[in-house]
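Residue numbers (this note's numbering), protein chains in the order written: chain G, 683 to 1095; chain L, 3 to 108. The C-beta atom is built at its ideal place from N, Cα and C for all residues, glycine as well. Keep in mind that this is a model prediction, so the values were computed, not measured.
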Amino acid sequence: MDLTNAERVVMIGGGQAAAQACASLRLFGYEGAITLIGDEAALPYQRPPLSKAYMKGELAEERLYFKPAAWYEDQNIDTILSVRATKIDRSAQMVELEHGGSVSYDALILSTGSRPRALPVEGADLDGIFDLRDLADVERIRPRMIGGQKLVIVGAGYIGLEAAAVARQLDLEVTVLEMEDRVLARVTSPIMSQFFADEHMRQGVDVRTGARLASLKGADGKVTHAVLADGSELEADIVLVGIGIVPNVELAEDAGIACANGILTDRDARTNDPRIFAAGDCAARPLVHYGRTGRLESVHNAIEQGKLAAAAIMGKPRPSEDCPWFWSDQYDLKLQIAGLSQGYDETVTRGDIAARKFAVFYLQNGKLIAVDAVNCPPEFLASKKLIITGARLAPETLSDTSQSMKEIAAQAA
Amino acid sequence: MAKIIYVDHEGTERTVEASNGESVMEAAIKNSIPGIDAECGGACACATCHVYVDEAFMDKVGMPEDMEQSMLDFAENVKETSRLSCQISVSDDLDGLKVSTPESQH
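Written as structure tokens, this is what we have:
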């Protein structure tokens, strides 16, 4: 469908994908109306620092925002904040808002994001228990992050481990509970899991794997203990929950838009309704370098799909679909991840794990599909390019530290 | 405060007022300067905010640290004056700083 004459583009959700789509639409010459509907009070901001530098107090709030408020005025972008969209009426091309009112659209971008998975145990509503997703969450948590306080983190994914690192640096007593038998079980290999578990233990975190939370106990409405499935109890002043996220697909589903663990899109971020696009955490997209459909929870994905949707609306050539990439900062470790490691059949370690400077490459049938690089930018940056070319590299070449990554990249078959 | 002048690959100059303490990348993003992507938001994780520092300012801006240098090694068309703009902090000293952006950050 040709949308180049669209007079009104509406975004539901005000995160990174929406901010990117706004900027890209204007960059591509779109002059019509833009309305951004966000259920948070804040204009679009960066989420990654919430569990890193911002949580630690090293980054001022104003530095989280992609654009100052004046930019939205200059660009004639209407922002409707602290308001939830309640329904998409596709035949009328209208978005209905809570408290009444509606906004019409010629093109609609669903950038509805995701929400933290709720903790399915008794006591989860006690005071002192927090999710870590929004700026508002961090505002509530930060005043409680005081040295000596006992913090229990449920879930050893990236968010949980990043928060554990910040909390240790602020001198809290930290316990991390993970149901699986290793940390980062869902996202990386046992080698990396071991490395990060060791690092956190060395930094004084009590890392407990194979530990299932049974309930949370409190006194006077405030959490005091985490109770594990084996009956043991841990004292807790604060509990942070990081057990994954759930894509916000309900609005789309209710409107009859195809969803399957995310709002399904084509390569242009377009859903099965040609006027409606989806971008960011909420979208399940073709992962062209991997020959499958999937949902990515990342900055790269939000930016790229925001651009793809804007380009499709404006009839511009499709922007490049890059290698998925991610990062995590914990203590002085910079983890940079390129590609998706799911389905690997071989790992190659390069560098010195003990020196905390190494990379793990993931191969599938001899093809490089992903890398986890710890304090090793060259391994990350070289792989980012190699992965999307379907490069084949011999394991003994990848692990040969007498050759630079530039030299190794030149030998890719 | 410092005036920062961004020159795109076609030679067009754009001048912005940047506050002390913010990075040359942040000032660019806030003012929608084309040619700087800065996908990671300044975490020194992505190398998409590559700029060329005007030679007259090289001494004041200084050299990249190890992490930044190893990322720059993989940017396109790197020169001796290349820096990641997220790692350059604005100060009064840098008033009038001119940086050029490459044709592509990828």
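Cβ-based burial, residue i [other Cβ within 10 Å; buried from 16]
i         : result
L:HIS108  : exposed
G:ILE828  : exposed
L:MET60   : exposed
G:ALA1052 : buried
G:ARG949  : exposed
G:ASN930  : buried
L:HIS11   : exposed
L:THR17   : exposed
G:PRO825  : exposed
G:ARG1032 : buried
G:LYS904  : exposed
G:GLN1018 : buried
G:ALA901  : exposed
G:MET874  : buried
L:SER25   : buried
G:PRO750  : exposed
L:GLU70   : buried
G:SER793  : buried
L:GLY64   : exposed
G:SER1002 : exposed
Any chain L beta carbon closer than 7 Å to residue i
i         : result
G:LEU1015 : no
G:LEU1063 : yes
G:PRO1060 : yes
G:GLN1093 : no
G:GLN728  : yes
G:PRO750  : yes
G:GLN702  : no
G:GLN1085 : no
G:GLN1018 : yes
Those residues which DSSP pairs with residue i across a bridge
i         : result
G:ALA1041 : G:ARG1032, G:ALA1055
G:MET776  : G:ASP771, G:SER786
G:ILE791  : G:MET693, G:PHE959
L:ARG16   : L:TYR8
G:LYS749  : According to DSSP, G:LYS749 bridges with nothing at all.
G:PRO968  : G:THR975
G:GLY1021 : G:ALA1052
G:SER796  : G:PRO929
G:ASP684  : The partner list for G:ASP684 (beta bridge, DSSP) is empty, contrary to what the question assumes.
L:SER25   : L:SER91
L:THR103  : In DSSP, L:THR103 forms no bridge with anything.
G:GLU804  : G:SER897
G:ASP760  : G:THR717
G:ASP809  : G:LYS904
Below-7 Å beta-carbon distance, residue i vs any chain G residue
i       : result
L:GLU41 : yes
L:SER84 : no
L:SER21 : no
L:ALA29 : no
L:LYS32 : yes
L:MET73 : yes
L:ALA58 : no
L:ALA4  : no
Residue-level contact to chain A via CB, residue i, 7 Å cutoff
i        : result
G:GLN987 : Of the chains in the structure shown, none is chain A; the protein chains are G and L.
Residue j beta carbon less than 7 Å from that of residue i
i         : j         : result
G:VAL889  : G:VAL909  : no
G:ALA965  : G:ASN943  : no
L:ILE7    : L:GLU15   : yes
G:SER733  : G:GLU860  : no
G:LEU725  : G:LEU808  : no
G:MET1087 : G:PHE710  : no
G:ALA789  : G:ALA688  : yes
G:PRO1059 : L:MET27   : no
G:ALA1041 : G:ALA1073 : no
G:GLU1049 : G:TRP1007 : The question names Glu, but residue 1049 of chain G is Lys in the sequence shown. Cβ distance not < 7 Å, so G:LYS1049 and G:TRP1007 don't count as in contact.
G:VAL785  : G:VAL692  : yes
G:GLU780  : G:THR761  : no
Self-check item: Inside the stretch 991–1018 of chain G only - beta strand (DSSP E) runs reaching at least 3 residues
Solution: As far as the stretch 991–1018 of chain G is concerned, its whole beta strand (DSSP E) runs of at least 3 residues are 1007–1012.
Checklist line | Continuous alpha helix (DSSP H) assignments of at least 4 residues falling wholly in the stretch 867–952 of chain G | finding: Qualifying alpha helix (DSSP H) stretches, in chain order: 872–884, 932–936.
In chain order, which beta strand (DSSP E) runs of at least 3 residues are fully inside the stretch 688–741 of chain G? Within the stretch 688–741 of chain G, the complete beta strand (DSSP E) runs of at least 3 residues are 690–694, 715–719.
* To do: Any chance you could list the beta strand (DSSP E) runs of at least 3 consecutive residues sitting entirely within the stretch 51–94 of chain L, in chain order?
  => If we require 3 residues or more, the beta strand (DSSP E) runs fully inside the stretch 51–94 of chain L come out as 52–55, 84–86.
Which runs of the alpha helix (DSSP H) spanning at least 4 residues fall entirely within the stretch 813–864 of chain G, listed in chain order?
817–823, 840–851, all fully within the stretch 813–864 of chain G.
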